[in-house]
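Residue numbers (full-length UniProt numbering): 1 to 449. Right, one structure below, let's go through it.
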């Protein structure tokens, strides 16, 4: 018998099943049928039968409608947990001996069956990406169904290992990259929309542009995260010249700055798994090797949530009267073309932005702004606040027109990271600190220092 032929045939069948799973749910399958397939998978001992059962379970899941998926997730959470009696027995044995063998048995007993089920579902072709999509479905339900959080923790536990840095592959994205991947870059761009193929070509093909993405062997041509880079002379302070179709490109060798102006996470189902830290550090290494003349590695980052915070402070009457009057211009038309109004707004907004980014905290004691948390946690310095930095509708609506430079100094990254994680310190430039002090005179009840 030609064993290699059978292997290829079986692989083709499971790959075909994986493609069918991508087509989405029709509601033609009951969640009970999928649960039963999962039980059979856990009871299976043979490799071939396990692969077949895993494919069957994932195929069934793909046919569930939203209600069916919710019921399936609840079954996994409630019926595929650890056996309490086994946990109790293992704990008593460990308590009596404090031995390593007993500790191992306790670890095994306390692991939910769900985790082993997810491992076995991953046996089939395309299983990893199907599980990423399944986790995305779960995340869409968790806010309204918090009882599903234990299942979310199981996904995160496994994905942390499956998608660790050792498995990630960094690839440069350029105009010669396969069209299927380029289409995904257009689709997944989350910071500055790519309007069409011409827009994409300008971002990839210009000699002063770079784009890099992380891929995983198990997810094929699906990017996990990508970053767009502008090579510039000096630190950029506005996004429109970078995105402008008529921007005058410079020679890459003439640039002294690499500006990361768009970082997009591509897979909702991998939320909670951090790739950005690894991506930025590796891209810095790649660019330093290619272009040794680069001296600065910075971001040109949006400040989502700042406009909402600003409006909330205005509603709560937190600002002095003259500040309210200046900020009212944000709601009017034409201030972008009025130099006097621009200056007046900038004199107020930049200090308030420094205060917001360095002093405002969430319930966990971390900076309120998610982009700040990301870059500060990676060891960057809050270097400069730019206004107006983004005068697009999105930029004004979400960030009141602000853009921020976070500076990555390779020799300072570890120290900055430690200060942030151990002390909660926002490492910033003296200019930003001075702006933060100036903000106090705009706020009622804040001491002026």
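Glycine included, each C-beta is placed from N, C-alpha and C at the ideal position.
Which residue or residues does DSSP assign as beta-bridge partners of residue i?
i, result
"residue 263", "227"
"residue 210", "229"
"residue 381", "407"
"residue 443", "319"
"residue 215", "169"
"residue 257", "232, 296"
"residue 428", "382"
So, using beta-carbon positions, are residue i and residue j closer together than 7 angstroms?
i, j, result
"residue 306", "residue 399", "yes"
"residue 335", "residue 329", "yes"
"residue 34", "residue 60", "yes"
"residue 427", "residue 419", "yes"
"residue 346", "residue 238", "no"
"residue 89", "residue 102", "no"
"residue 29", "residue 64", "yes"
"residue 406", "residue 380", "yes"
"residue 114", "residue 80", "yes"
"residue 229", "residue 258", "yes"
"residue 355", "residue 436", "yes"
"residue 303", "residue 402", "yes"
On the premise that residue j lies in contact with residue i, defined as a C-beta separation below 8 angstroms, what is that separation, rounded to the nearest angstrom?
i, j, result
"residue 212", "residue 284", "Not really, about 10 angstroms apart at Cβ, beyond 8 angstroms."
"residue 110", "residue 87", "5 angstroms"
"residue 351", "residue 216", "In fact, because the Cβ distance is near 43 angstroms, the residues do not count as touching under 8 angstroms."
"residue 42", "residue 120", "7 angstroms"
"residue 253", "residue 291", "7 angstroms"
"residue 192", "residue 243", "6 angstroms"
"residue 138", "residue 226", "That pair is no contact at about 24 angstroms."
So what does DSSP say about residue i, is it helix, strand or coil?
i, result
"residue 55", "helix"
"residue 301", "strand"
"residue 361", "strand"
"residue 367", "strand"
"residue 87", "helix"
"residue 386", "strand"
"residue 283", "helix"
"residue 42", "helix"
"residue 164", "coil"
"residue 414", "helix"
"residue 247", "coil"
"residue 242", "helix"
"residue 269", "helix"
"residue 50", "helix"
Under DSSP, the alpha helix (DSSP H) around residue i begins and ends at which residues?
i, result
"residue 107", "100-110"
"residue 330", "Where residue 330 is concerned, there is no enclosing alpha helix (DSSP H), given that its DSSP letter is neither H nor E."
"residue 184", "179-188"
"residue 192", "Careful: residue 192 lies outside any alpha helix (DSSP H) and carries neither H nor E."
"residue 147", "Here residue 147 belongs to no alpha helix (DSSP H), and DSSP marks it neither H nor E."
"residue 275", "Residue 275 -> no alpha helix (DSSP H), and no H or E assigned at all."
"residue 79", "66-79"
"residue 396", "393-399"
"residue 115", "113-121"
Between residue i and the ligand ADP, is there a pair consisting of the residue's CB and a ligand heavy atom that are separated by less than 6 angstroms?
i, result
"residue 170", "Here there are no bound small molecules, and the ligand ADP is not part of this structure."
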